Amino acid sequence: MTISIDTNQRPAMPIPFYQLLTQELLNTSPKDANAITLYFRDPDYSPERGGFHPVEVRLEKQFDHWRLVYVTDFAFHGYELIKDIDICFNSKQVYSSLGGWINHDEGEELIELFSDNFISYHHMDVYQVQVALG
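Read in order, the letters of the sequence shown are residues 473 to 606 in the working numbering.
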């Protein structure tokens, strides 16, 4: 089943990002769900060995389409897993663990960098993907 994701939200995400989500959700039937959370995990990621950061994407149903709520990239800082990048569509802001909530232009640059890397890693099949319906 193909779901319709609102691509006009702010902050703006690149179209290939939405295409990746749609591809991952092709075999998902969320007809009775109000929320979808996608978990992208590198099973080998650890504080000792490094690896690819886990990413979580949350969508919520709004009328006949789905809207992004957040995209969060997690990273180990020492042995603690923290939010490294958080793109919040409710507040229309972008957070970086290095700079806190950042301005619009820096946010756009970080989204572009994050999205390009995330899509590349996904194409390399480094993630195990899990979909949860709520």
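From the three backbone atoms N, C-alpha and C, an ideal C-beta is built for every residue, glycine too.
On a predicted model such as this, the values are computed, not experimentally measured, just so you know.
Q. DSSP three-state call for residue 607: helix, strand or coil?
A. Nothing about residue 607 can be read from this structure; the chain reaches only from 473 to 606.
(Q) Measuring only the C-alpha atoms, how far is residue 491 from residue 591? (A) Computed Cα separation, rounded: 10 Å.
(Q) Let's test the definition: count the other Cβ atoms within 10 Å of the Cβ of residue 545 and tell me whether it reaches 16, buried, or not, exposed. (A) So residue 545 counts as buried.
Q) Looking at the unbroken beta strand (DSSP E) that takes in residue 508, where does it start and where does it end? A) Segment 507-513, the beta strand (DSSP E) holding residue 508.
**Q.** residue 525 classed as buried or exposed, judged by whether at least 16 other C-beta atoms fall within 10 angstroms
**A.** Buried, because 16 or more other Cβ atoms sit within 10 Å of the Cβ of residue 525.
Q: Determine, using beta-carbon pairs with one atom in the region 527-534 and one in the region 507-515, whether at least three such pairs fall under 8 Å.
A: With three or more CB-CB distances shorter than 8 Å, the region 527-534 counts as touching the region 507-515.
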